[in-house]
Structures are given as structure tokens and as C-alpha cells.
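Below: one structure, written as C-alpha cells.
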Amino acid sequence: DDPLFDETFEFQVNMPELALLRFVVLDDDYIGDDFIGQYSVAFECLQPGYRNVPLLGMAGDPLPHTSLFVHVAITNRRGGGKAQRRGLSVRRVGRRGREYVTLRHTGIKVLDEAFKQASGPLKEATDLREDAQSSTASFKDQCGLPSVAKLKQCIQSLATRLQSSDGAMGATMVLREGYPSLEPLVSLSEMTRKLLAAYDSMIASQKHLIENADGVQERIDQVHREGMDFHEDLSRLGEKEGLKGRKLNKAVESFTWNITVLKGQSDLLRGAKMDSLDALRQLALACEACGLTSSCNSSSSFSNAELHFSTSGRRSSTHNNNGRI
């Protein structure tokens with residue numbers, strides 16, 4: 001009979017570009033060796049949903065007719081994760097319960113002083129990303145859609161609520177400082193006003209991320225550069241502080257960790273900004289497709305909007321956010 005493992009394993013991934021997920025199957029009634037099979041996959045190659053994982057033997061050879069049937073859910077990543085119950089996905093975690101990545105103490109004073117400068121921008125980077133993700137999830141929730149829904153679906157849902165019996169739209173998209181805003185044209189119901197408020201909040205958080213990401217990223221990169229300046233002198237600096245043997249090795253490990261975290265968080269913030277630019281472009285296109293743009297805006301103004309949202313290009317990978325498996 002096929003064994004059933006009714007278990008849920010949850011991990012928080014801070015450095016997705018370095019993470020590997022390894023599935024290992026062991027034998028409870030083993031004699032000598034409990035190993036049955038294993039399979040490793042890079043985090044960025046994970047696909048959400050139900051998956052068959054082929055198992056490999058000790059030497060890496062495929063085991064015939066042997067696989068794991070698993071469900072993978074990745075949250076805080078566009079297109080990942082399962083739909084959550086309404087009301088829980090966006091209200092459960094606020095800034096107070098937010099987990100921030102921290103740098104390690106090396107024991108080398110000059111290094112620790114340099115790395116200390118990154119605590120502020122690292123926290124700001126996390127807040128920028130998480131606030132944008134949270135407001136987007138809240139908007140989807142207000143639309144009655146799961147977190148995996150596309151923004152186009154949200155605009156389609158919103159458009160049906162804004163459309164009157166004669167087919168006229170109760171709101172129109174206008175550009176405010178280059179960002180797509182929805183302005184009411186008629187008196188709206190309380191529920192629809194809340195939905196528009198959630199949309200405005202999402203646009204505001206995306207705007208805040210886009211306009212502040214470069215400055216925060218530069219501050220993180222500056223600390224990264226200062227840290228790398230000490231790379232060649234690590235041993236000498238450690239010995240100057242009286243570190244030897246295991247303590248010196250520990251200091252080197254902490255230094256490596258800090259450098260990796262700084263580079264990773266910088267990349268995450270850069271990717272989040274590009275995601276936000278792409279999201280704004282999707283919103284503008286969806287608004288035009290759903291008839292939420294006036295005839296005078298749909299030709300000239302919208303073309304400018306499309307140009308503005310496309311200036312930074314798109315990433316080849318969308319798997320760069322922190323997430324949970």
C-alpha cells in the first residue's frame with residue numbers, strides 16, 4: 001500500500017536565491033540503512049499546487065514507480081500559495097508581528113560598526129515590500145478574490161460593481177502623478193466606496209515603494225560595499241581583536257552571512273519595485289479593457305501611462321520575495 005504522510009511542513013525563506021528544498025523518505029523498520037529516496041529542488045524552481053516529486057536513489061539514479069505526491073503553497077509571492085479564508089489573509093499579521101532579517105555580530109568592532117548602519121534600511125526595505133504586498137492582498141480580499149487572483153480579475157470584479165443598469169460606469173481612471181487612480185462619477189454604495197478605498201491604499205503603497213526603493217537600496221548597497229572593503233583583511237582584523245581558531249572562524253562565518261543578507265535584501269527590494277511597476281501597468285491596461293477610462297483619456301493619457309509603467313522593464317523571475325512553503 002502507498003503510505004500516507006499527513007504532515008504539513010512550514011518554512012520561512014529569507015534568502016530564496018540560495019535555498020534548496022530536499023525531500024527525504026526514510027524507512028522506520030530499517031535494518032542497517034534507513035534511506036529510501038530523496039529529491040532536491042531549488043526554491044526558485046518550485047511551482048505551487050499539487051506536484052509529483054520523483055525520488056532518486058543514493059547514487060542519484062531514479063527509483064522506478066516511486067514518487068511523492070505533495071502540495072506546495074508559497075505565500076508573499078505573486079501567483080503562489082493557496083486561497084485563504086476571507087478576512088484572515090490580510091488582517092492576521094501587522095507590523096508588530098512582522099519578522100525582520102537581522103545581521104550577525106562578528107566580534108570585530110570595525111566590522112560591527114559598519115554593519116550596524118544597515119539595520120535601519122533593512123527594516124525599511126522589509127516594510128516597503130510587506131506593505132505593498134499586504135495592501136494588494138487586502139484589495140483582492142475586498143474584491144472577494146483569493147490572494148492568487150490576478151489584478152485584472154480584481155478590476156473586472158470592481159467594474160461589474162461600478163456599472164449601472166444602463167451600462168454607464170460609476171468611476172473613471174485618471175492619472176495622478178503618473179499613477180492610475182479611480183475617481184467616482186456618481187454616488188456609490190458603502191461597500192463600493194470601501195473597495196475604492198482599498199484600491200487607493202494599494203496604489204499609495206505601491207507608489208511609496210517605487211519612489212523610495214532606490215534610496216533604501218543604495219543605503220544597503222553602501223554598507224555592502226563597505227563590508228567588502230574589509231574582506232581581504234578579515235584575518236588580521238580578527239587577530240587584532242584577539243580572535244583565534246573557532247572564534248575567528250565564527251567571525252568569518254558571520255561576516256559571510258551579513259554580506260549575503262545585504263546582497264539578498266537589495267535584490268529583493270529591486271525585484272519588489274519592478275513587480276510594483278508591472279502591477280501598475282496591469283491595472284492601467286485592465287481599467288482600459290473594462291471601460292473605466294474616458295474617451296479623452298484612453299488614447300493619449302493612457303499611452304503615457306503605459307510608457308511610464310514600462311520604463312524599468314520586467315524581471316525574468318518572480319520568485320524573489322520572501323515566502324512560506
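For the sequence shown, the residue numbers in UniProt numbering are 1 to 325. Beta carbons: idealized from backbone N, C-alpha and C, even for Gly.
With residue i as the anchor, note down where its beta strand (DSSP E) starts and where it stops.
{"i": "PRO48", "result": "Neither: PRO48 is in no beta strand (DSSP E) and is coded neither H nor E."}
{"i": "GLU190", "result": "It is not in any beta strand (DSSP E) - GLU190 instead sits in the alpha helix (DSSP H) that spans 190 to 229."}
{"i": "ARG129", "result": "Careful: ARG129 lies outside any beta strand (DSSP E), inside the alpha helix (DSSP H) at 119 to 142."}
{"i": "ARG98", "result": "Note, ARG98: premise wrong, no beta strand (DSSP E); not H, not E."}
{"i": "THR293", "result": "Element bounds for THR293: n/a, residue is neither H nor E."}
{"i": "LEU68", "result": "62 to 72"}
{"i": "residue 407", "result": "There is simply no residue 407 to check, as the chain begins at 1 and stops at 325 in what is shown."}
{"i": "GLU183", "result": "179 to 184"}
{"i": "VAL110", "result": "Counting along the chain, VAL110 falls outside any beta strand (DSSP E), though it belongs to the alpha helix (DSSP H) covering 109 to 116."}
{"i": "LEU145", "result": "Run containing LEU145: none; DSSP gives neither H nor E here."}
{"i": "MET173", "result": "171 to 176"}
Run the CB neighbour count on residue i, radius 10 Å, all protein chains shown included, and call it buried at 16 or more, exposed below.
{"i": "CYS45", "result": "exposed"}
{"i": "ILE325", "result": "Note that ILE325 has pLDDT 24, beneath the 50 cutoff, so the model's placement of it is unreliable and the number below is only indicative. So ILE325 ends up on the buried side."}
{"i": "ARG281", "result": "buried"}
{"i": "LYS194", "result": "exposed"}
{"i": "ASN258", "result": "buried"}
{"i": "TYR30", "result": "exposed"}
{"i": "PHE11", "result": "exposed"}
{"i": "TYR100", "result": "exposed"}
{"i": "GLY37", "result": "buried"}
{"i": "MET202", "result": "buried"}
{"i": "PHE35", "result": "exposed"}
{"i": "GLU130", "result": "buried"}
{"i": "ALA197", "result": "exposed"}
{"i": "VAL13", "result": "buried"}
{"i": "SER40", "result": "exposed"}
{"i": "SER235", "result": "exposed"}
{"i": "LEU266", "result": "For clarity, residue 266 is Ser in the given sequence; the question names Leu instead. Buried: at least 16 other Cβ atoms inside 10 Å."}
Whole angstroms is fine: what's the gap from residue i's alpha carbon to residue j's?
{"i": "LEU185", "j": "TYR50", "result": "45 Å"}
{"i": "ALA19", "j": "THR256", "result": "16 Å"}
{"i": "PRO16", "j": "LEU237", "result": "31 Å"}
{"i": "ASP27", "j": "LEU68", "result": "14 Å"}
{"i": "LEU4", "j": "VAL25", "result": "12 Å"}
{"i": "MET274", "j": "LEU268", "result": "10 Å"}
{"i": "SER298", "j": "LEU175", "result": "With a pLDDT of only 46 at SER298, under 50, the local geometry of the prediction cannot be trusted, and the value read off the model is given with reservation. Cα-Cα distance, rounded: 11 Å."}
{"i": "SER189", "j": "THR8", "result": "42 Å"}
{"i": "GLY59", "j": "THR75", "result": "It is worth fixing the name first, because residue 59 is Ala in this sequence and not Gly. Each residue's alpha carbon lies about 34 Å from the other."}
{"i": "VAL216", "j": "ASP278", "result": "20 Å"}
{"i": "ALA272", "j": "THR126", "result": "10 Å"}
{"i": "LEU128", "j": "GLY32", "result": "52 Å"}
{"i": "HIS308", "j": "ASP61", "result": "Because the pLDDT of HIS308 is 48, which lies under 50, any placement of that residue in the model is unreliable, and the question is left without a value."}
{"i": "GLU239", "j": "VAL252", "result": "12 Å"}
{"i": "LEU55", "j": "ASP6", "result": "18 Å"}
{"i": "ALA114", "j": "TYR199", "result": "40 Å"}
{"i": "VAL171", "j": "GLU218", "result": "One point to set straight first is that residue 171 is Ala, not Val, in the sequence displayed. If I take the Cα positions, the gap works out to 39 Å."}
{"i": "LEU145", "j": "SER276", "result": "19 Å"}
{"i": "ALA284", "j": "VAL72", "result": "31 Å"}
{"i": "GLN142", "j": "ASP2", "result": "42 Å"}
{"i": "SER181", "j": "CYS287", "result": "10 Å"}
{"i": "GLY57", "j": "VAL70", "result": "19 Å"}
{"i": "ASP166", "j": "GLN206", "result": "34 Å"}
{"i": "VAL110", "j": "LYS244", "result": "17 Å"}
Within 8 Å (strictly less), CB to CB, does residue i reach chain B?
{"i": "ILE36", "result": "In summary, chain B is missing from the structure at hand, where a single protein chain is found."}
Measuring alpha carbon to alpha carbon, tell me which residue in the options is nearest residue i.
{"i": "CYS290", "options": "GLU253, ASP200, MET173", "result": "MET173"}
{"i": "GLN47", "options": "LEU111, MET191, TYR30, VAL148", "result": "VAL148"}
{"i": "GLY178", "options": "GLN163, ALA204, ILE155", "result": "ALA204"}
{"i": "GLN156", "options": "LEU292, ARG129, THR66, ILE220", "result": "LEU292"}
{"i": "PRO64", "options": "ASP141, VAL70, HIS71, VAL53", "result": "VAL53"}
{"i": "SER187", "options": "MET169, CYS154, SER201, ALA42", "result": "MET169"}
{"i": "GLN117", "options": "ILE220, GLN38, GLY242", "result": "ILE220"}
{"i": "PHE43", "options": "LEU56, GLY57, ARG22", "result": "ARG22"}
{"i": "ARG270", "options": "SER235, GLY242, GLN153, ASP214", "result": "ASP214"}
{"i": "THR192", "options": "GLN206, ALA159, SER165", "result": "ALA159"}
{"i": "ASP112", "options": "GLN142, SER254, SER266", "result": "SER254"}
{"i": "ARG98", "options": "GLN133, VAL70, VAL110", "result": "GLN133"}
Locate the alpha helix (DSSP H) running through residue i, then write down its first and last residues.
{"i": "VAL252", "result": "245 to 289"}
{"i": "ARG22", "result": "No alpha helix (DSSP H) contains ARG22, which is instead part of the beta strand (DSSP E) from 20 to 26."}
{"i": "THR8", "result": "Premise fails: THR8 is in no alpha helix (DSSP H) and is neither H nor E."}
{"i": "LEU237", "result": "234 to 240"}
message: Within 8 Å, do at least three Cβ pairs link the segment 126 to 138 to the segment 242 to 262?
response: No, the segment 242 to 262 does not touch the segment 126 to 138.
query: Any chance the segment 256 to 263 sits against the segment 224 to 243, with 3 or more Cβ pairs inside 8 Å?
result: Taking 8 Å as the limit for Cβ pairs, the verdict is that the segment 224 to 243 does touch the segment 256 to 263.
- request: Mind the definition here: the segment 229 to 236 touches the segment 118 to 128 only if three or more C-beta pairs lie below 8 Å; say whether that holds.
  value: The answer is no - the segment 118 to 128 does not touch the segment 229 to 236, with fewer than three Cβ pairs under 8 Å.
- prompt: Is there contact between the segment 201 to 219 and the segment 102 to 111, where contact requires at least three CB pairs shorter than 8 Å?
  reply: Touching, no.
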